[in-house]
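Chemist: Take this structure, written in C-alpha cells, and hold onto it; I'll ask about it next.
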Amino acid sequence: MPRRPSRLHYSRPVFVLTEATHDLDAVSGLKVRLREEASARRSEAWTRAGESAAKAVAEAGLRLAANLDGEQIIAGYHPFRYELDVVPLLAALQAKRYPVALPRSHPERRLTFHAWTAGAPLERRKLGMLEPPETAEELHPSVLFVPLLAFDARGNRLGYGAGFYDVALSTMRAERRVLAVGVAFDEQEFPAIPAEPLDQPLDMVLTPTRLLTREAS
Numbered sequence: 000m001p002r003r004p005s006r007l008h009y010s011r012p013v014f015v016l017t018e019a020t021h022d023l024d025a026v027s028g029l030k031v032r033l034r035e036e037a038s039a040r041r042s043e044a045w046t047r048a049g050e051s052a053a054k055a056v057a058e059a060g061l062r063l064a065a066n067l068d069g070e071q072i073i074a075g076y077h078p079f080r081y082e083l084d085v086v087p088l089l090a091a092l093q094a095k096r097y098p099v100a101l102p103r104s105h106p107e108r109r110l111t112f113h114a115w116t117a118g119a120p121l122e123r124r125k126l127g128m129l130e131p132p133e134t135a136e137e138l139h140p141s142v143l144f145v146p147l148l149a150f151d152a153r154g155n156r157l158g159y160g161a162g163f164y165d166v167a168l169s170t171m172r173a174e175r176r177v178l179a180v181g182v183a184f185d186e187q188e189f190p191a192i193p194a195e196p197l198d199q200p201l202d203m204v205l206t207p208t209r210l211l212t213r214e215a216s
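As C-alpha cells, this is what we get:
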C-alpha cells in the first residue's frame, strides 16, 4: 500500500467553508477563488508526477472495476488542461472487455456518452476538448470516472462551473443507479468544498494513493 504523500505547503491561501458562505452569492464567489487555488495545485501535481499518477490510477481503477457487481458500462474522459489522465485506465478496462465510453457535450449543459476504443479518432471541439464523433454508438454508463478541480471528504466536487457533470449525473441518477468516481491528484483535496442545491456529490474519489468513499453528511 503506497504511503500518502506529505501535504505540500502553498504560499497561496487555502479557503475553507464557514457559516458565512451559506448565502448562494457568497458560495459562488468562494468557488471562483477556490478554482484559482485548485487549478494551481493540480498543474503543479501534473508537472511533478503526471505520468506516474496515471499509471497508479489505472492499476487502482482496474481493481475497483473488478469488484463491482454485474456487467458495467464505464465512462471516463479525455484529459483537458492538467486533468489526471485516465486514458491508460480506460484502455486497460477495454482490454478486459468492459464497454468504455467518452462524453460528448451538447447545448444546454448536456452530456451524452459514446463508445470509444483505444486509438479511435476523436474530434477537437469547444475549448479544444477531444470528444467522440456523434456517429459513435451512444452508451448508458453505470460507472462514471469524473474529472475535477477539487474535492472534499464528503464527496463535494469543484468543476469548471458550467455544470455539465451535475446535469448529467442528476439525469442519470433519476433513471438508474450510477457510481460516480472522481479522479484527482491527492493535492486536489480541500477541507471543504461549498455545495449549491444543484451540485451532485461523488460516491468515491480515486487518487494515485487512495480510494476514498464519501463520508456521511
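Residue numbers for the sequence shown follow numbering that gives the first Met the number 0, so the first one is 0 and each next one is one higher. Every residue gets a Cβ at the ideal spot worked out from N, C-alpha and C, and that includes glycine.
Helix, strand or coil for Phe184, going by three-state DSSP, please let me know.
Modeler: Looking at Phe184 - three-state DSSP - the assignment turns out to be coil, as it is neither helix nor strand.
Chemist: If you draw a straight line from the alpha carbon of Ser141 to that of Tyr76, how long is it in whole angstroms?
Modeler: Roughly 15 Å between the two C-alpha positions.
Chemist: With DSSP collapsed to three states, give me the class of Pro102.
Modeler: In the structure shown, Pro102 sits in a strand (DSSP, three-state: E or B).
Chemist: May I ask you to report which of helix, strand or coil DSSP gives Arg156?
Modeler: Correct three-state label for Arg156: strand.
Chemist: Taking Met171 as part of the beta strand (DSSP E), name the residues at either end of that continuous run.
Modeler: Where Met171 is concerned, there is no enclosing beta strand (DSSP E), although the alpha helix (DSSP H) it sits in stretches over Phe163 to Glu174.
Chemist: Counting only the same chain and skipping the five closest in sequence on each side, list residues whose C-beta sits under 8 Å from that of Pro200.
Modeler: Arg153, Gly154, Asn155, Arg156, Ala179, Ala194 and Arg213, listed in sequence order.
Chemist: Is it buried or exposed, Leu126, if we count other Cβ atoms within 10 angstroms and call 16 or more buried?
Modeler: Result: exposed.
Chemist: Between Val86 and the rest of its own chain, which residues show a CB-CB distance below 6 Å, the 5 nearest in sequence each way excluded?
Modeler: There are no such residues.
Chemist: Alpha carbon to alpha carbon, how far is Ala64 from Gly118? Give it in angstroms, no decimals.
Modeler: Between Gly118 and Ala64, the C-alpha separation is close to 22 Å.
Chemist: Is DSSP giving Val204 helix, strand or coil here?
Modeler: The answer is strand: DSSP assigns Val204 an E or B state.
Chemist: What residue range is occupied by the uninterrupted alpha helix (DSSP H) comprising Leu92?
Modeler: Element bounds for Leu92: Val86 to Ala94.
Chemist: If we count the other Cβ atoms within 10 Å of its Cβ and call it buried at 16 or more, is Phe184 buried or exposed?
Modeler: Result: buried.
Chemist: Which residue from Val31, Ala39, Ala53 and Gly28 puts its Cα closest to that of Pro207?
Modeler: Cα-wise, what sits closest to Pro207 is Ala53.
Chemist: Measure how close the beta-carbons of Arg103 and Pro78 come, nearest whole angstrom, since I'm counting them as under 8 Å.
Modeler: The pair is not a contact, with the Cβ atoms about 16 Å apart (cut-off 8 Å).
Chemist: CB-CB under 7 Å to Gly28, same chain, minus the five flanking residues each way: which ones, in chain order?
Modeler: The answer is none, since no qualifying residue turns up.
Chemist: Three-state secondary structure (DSSP) at Ala39?
Modeler: Looking at Ala39 - three-state DSSP - the assignment turns out to be helix.
Chemist: Quick check on the DSSP output: the beta strand (DSSP E) that includes Val145 runs from which residue to which?
Modeler: Unbroken beta strand (DSSP E) run through Val145: Val142 to Val145.
Chemist: Which term fits Glu188, buried or exposed, when burial requires 16 or more other beta carbons within 10 angstroms of its beta carbon?
Modeler: When all chains shown are included, Glu188 counts as buried.
Chemist: Determine the closest residue to Met203 out of Glu70, Lys30 and Phe150, with distance taken between C-alpha atoms.
Modeler: It is Phe150.
Chemist: Look up Glu133 in the DSSP assignment and say whether it is helix, strand or coil.
Modeler: If DSSP states are grouped into helix, strand and coil, Glu133 belongs with coil.
Chemist: Buried or exposed, going by whether 16 or more other CB atoms sit within 10 Å of the CB of Arg40?
Modeler: Classification for Arg40: buried.
Chemist: Given a cut-off of 8 Å, decide if Glu137 and His113 are closer than it, judged by their beta-carbon atoms.
Modeler: Cβ distance < 8 Å, so His113 and Glu137 count as in contact.
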